[in-house]
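Chains as they are written, first to last, in this note's numbering: chain A, 191 to 476; chain B, 557 to 878.
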């Protein structure tokens with residue numbers, strides 16, 4: 191099992207990989223991929239049980255990237271854990287690659303073709319409901335954006351998850367406070383998220399979503415039947431990990447120049463020099 | 557046409573679904589406060605663990621269905637066609653069709669079934685919308701027998717599909733026990749060389765009635781039932797166009813983008829043929845029952861027969877002038 195220190199190093203490597211992908215492709219969602227990356231690393235390298243060589247195993251824990259635009263971080267983590275060949279990341283942005291700018295079913299490990307916002311939680315509800323019907327032990331995770339909270343379908347799904355007491359469902363909000371047009375609350379007020387989700391019948395916790403020491407325990411909870419679904423409000427910073435990208439809305443989908451990429455990689459290498467080297471992710475299921 | 561006799565397609569659907577779900581526990585019915593209008597009451601009573609209620613939330617119902625399918629279930633999402641072809645359209649496009657999910661969307665009370673409730677409750681656009689979505693089968697049964705056979709087929713089919721059913725009882729097009737549904741195939745109900753009346757769904761009965769009227773005037777019409785708009789039986793349609801040289805399409809749908817458009821796309825490119833497209837014009841229908849609206853817009857045996865005669869006369873006139 192990877193230690194928290196290992197996970198932090200993987201997260202740095204994955205940040206380098208995703209920035210390189212976006213730079214090479216000439217397009218991508220830089221800020222949101224960076225803000226949500228630590229959560230993805232924690233899920234795929236520590237929390238979730240699955241077999242990289244058998245991505246459709248019926249007992250697998252399931253993950254839905256409802257904020258499908260954070261795809262570069264997602265691909266870099268899928269490659270890190272062996273669901274996707276590492277070399278394939280180089281095809282991002284090239285004609286007819288299976289690595290579209292939003293996840294598709296042609297990518298191993300992807301559970302739903304997301305990208306239209308407000309869809310992922312309903313899909314997660316369906317998976318968790320099937321788990322309850324079949325008395326299966328798998329867990330379901332759904333990662334949403336903060337701007338995505340304005341989609342009405344999110345709340346349809348939230349209502350149904352607590353109605354069905356989906357203890358096996360954990361939703362996460364990547365609360366980076368920025369969306370394409372600016373501050374989330376200036377676009378549409380979503381503050382008091384905790385109250386809103388609590389009122390919808392969910393157990394809510396708030397964490398620093400870029401702190402591995404807080405992410406792992408918040409997500410790695412096996413909840414017993416009868417408990418309501420759980421929401422993790424992950425306070426993050428858009429562009430996290432690269433000083434000049436952090437909390438700056440222009441990095442929503444800006445592409446780094448050669449010089450910016452070099453500076454970013456230098457920063458990430460400097461951060462990486464402070465911990466030991468990670469082991470390969472072990473295969474764990476059931 | 558009124559009441560809830562056993563001859564409506566929705567009753568045939570739920571009876572067939574119940575049979576299939578008893579035999580295959582992976583089959584689930586999902587509905588959005590529409591178990592009454594779908595007639596799923598008996599299904600819920602007999603198979604409560606295979607019945608899922610989402611409340612009035614069609615988008616969520618389709619998303620949940622996609623998630624259930626991703627966990628090994630075969631899901632029939634059932635509710636009014638007007639909502640499942642519009643409000644939940646994006647979930648059907650992405651979560652179901654793009655994902656290739658094992659989900660069937662069953663829109664009941666389709667077309668103008670809801671009559672005087674008005675255009676909020678009509679689905680005269682569903683064929684147009686859904687036939688533009690890759691990977692989604694589009695099925696409109698014409699009577700209870702075909703509905704039962706189509707449902708039995710879908711219970712063993714692992715790909716996405718949209719099915720539209722009407723609300724009221726409809727006269728039988730087929731005889732009990734006849735083999736009337738093969739996926740992707742048209743059924744030639746009458747064979748005649750003068751013109752081809754190609755129809756789908758609950759308009760097929762009226763196409764047959766039109767052919768009967770034409771035969772009394774010595775005009776022999778082919779009547780073709782198209783239960784599958786997608787995949788479309790292009791060979792059968794082109795063959796009918798070649799044999800008759802005059803095609804009339806009939807559907808409970810907008811004249812834009814439906815069966816008529818599908819047939820026109822085909823014949824205009826491969827066998828240019830004179831056509832008339834009979835359906836609902838580009839306007840919101842007046843208040844009226846389903847039967848009154850069919851009559852108002854000419855979807856009756858008599859009016860379809862007139863259109864067919866008119867098409868043949870036009871052709872004759874043009875032939876003389878040449």
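The C-beta atom is built at its ideal place from N, Cα and C for all residues, glycine as well.
Neighbours of residue 309 of chain A across chain B, judged by C-beta separation under 7 Å: 619, 647, 650 and 651. For residue 830 of chain B, the three-state secondary structure derived from DSSP is strand. Setting aside the 5 residues that flank it on each side, residue 338 of chain A is surrounded in the same chain by 256, 257, 307, 308 and 344, each with a C-beta closer than 7 Å to its C-beta; the list follows chain order. The same chain holds no residue with a CB closer than 8 Å to that of residue 824 of chain B once the five nearest residues on each side in sequence are set aside. Note on residue 592 of chain B: under 16 other CB atoms within 10 angstroms of its CB, so exposed under the neighbour-count rule.
Checking the DSSP bridge columns, you'll see residue 334 of chain A partnered with A/363.
Cβ-Cβ separation between residue 634 of chain B and residue 594 of chain B: approximately 4 Å, consistent with a contact (criterion under 8 Å). Between residue 605 of chain B and the set B/584, B/589 and B/622, the nearest pair of CA atoms involves B/584. Comparing alpha-carbon positions, the option among B/762, B/740 and B/810 lying closest to residue 682 of chain B turns out to be B/810. Nearest in C-alpha terms to residue 784 of chain B, of all of B/796, B/757, B/795 and B/748, is B/757. Uninterrupted alpha helix (DSSP H) stretches at least 4 residues long and entirely within the stretch 674-753 of chain B occur at 682-687 and 700-710, given in chain order. Contact between residue 641 of chain B and residue 679 of chain B is confirmed by a C-beta separation of about 5 Å, below the 8 Å threshold.
Inside the stretch 778-840 of chain B, DSSP marks whole alpha helix (DSSP H) runs of 4 or more residues at positions 790-800 and 815-826, from first to last along the chain. For residue 647 of chain B, the CB contacts under 6 Å within the same chain, skipping 5 residues up- and downstream, are 615, 618 and 619 in chain order.
For the C-beta of residue 232 of chain A, not a single chain B residue is nearer than 7 Å; the gap to the nearest is close to 22 Å. For the 9 Å CB-CB criterion, residue 834 of chain B and residue 781 of chain B do not form a contact.
Annotation: residue 789 of chain B to residue 803 of chain B spans about 15 Å, alpha carbon to alpha carbon. The alpha-carbon of residue 235 of chain A is positioned some 16 Å away from that of residue 399 of chain A.
Pairing residue 300 of chain A with residue 413 of chain A, the inter-Cα distance amounts to about 24 Å. Under DSSP, residue 197 of chain A shares a beta bridge with no residue. Contacts with chain A at 9 Å (Cβ-Cβ) do not include residue 603 of chain B.
Per DSSP, reduced to three states, the secondary structure at residue 662 of chain B is strand.
Within chain A, the residues whose beta carbon sits less than 7 Å from that of residue 616 of chain B are 312, 343, 346, 347 and 350, listed in sequence order. Within a 10 Å sphere around the beta-carbon of residue 601 of chain B sit fewer than 16 other beta-carbons, which makes this residue exposed. For residue 328 of chain A, the secondary structure class from DSSP, reduced to helix, strand or coil, is coil. If the five residues before and after residue 260 of chain A are omitted, its C-beta is found closer than 7 Å to the C-beta atoms of 219, 222, 223 and 226, all from its own chain and listed in chain order. Ranked by how close their Cα comes to the Cα of residue 695 of chain B, the residues B/667, B/706, B/630 and B/685 have B/706 in first place. Bounds of the alpha helix (DSSP H) holding residue 570 of chain B are 565-579. CA-CA distance, residue 215 of chain A to residue 265 of chain A, rounds to 13 Å. Taking 9 Å as the CB threshold, residue 703 of chain B stays off the interface with chain A. The bridge partners DSSP lists for residue 398 of chain A are A/425.
Counting along the chain, residue 764 of chain B sits inside the alpha helix (DSSP H) bounded by residues 760-772. Comparing alpha carbon positions, the residue from A/230, A/328 and A/278 closest to residue 210 of chain A is A/278. Within the stretch 269-335 of chain A, the complete alpha helix (DSSP H) runs of at least 4 residues fall at 310-323. The residues 591, in chain order, have a CB closer than 7 Å to that of residue 597 of chain B in the same chain once the five nearest residues on each side in sequence are set aside. Put simply, the stretch 711-726 of chain B does not touch the stretch 771-779 of chain B. Fewer than three CB pairs are less than 8 Å apart.
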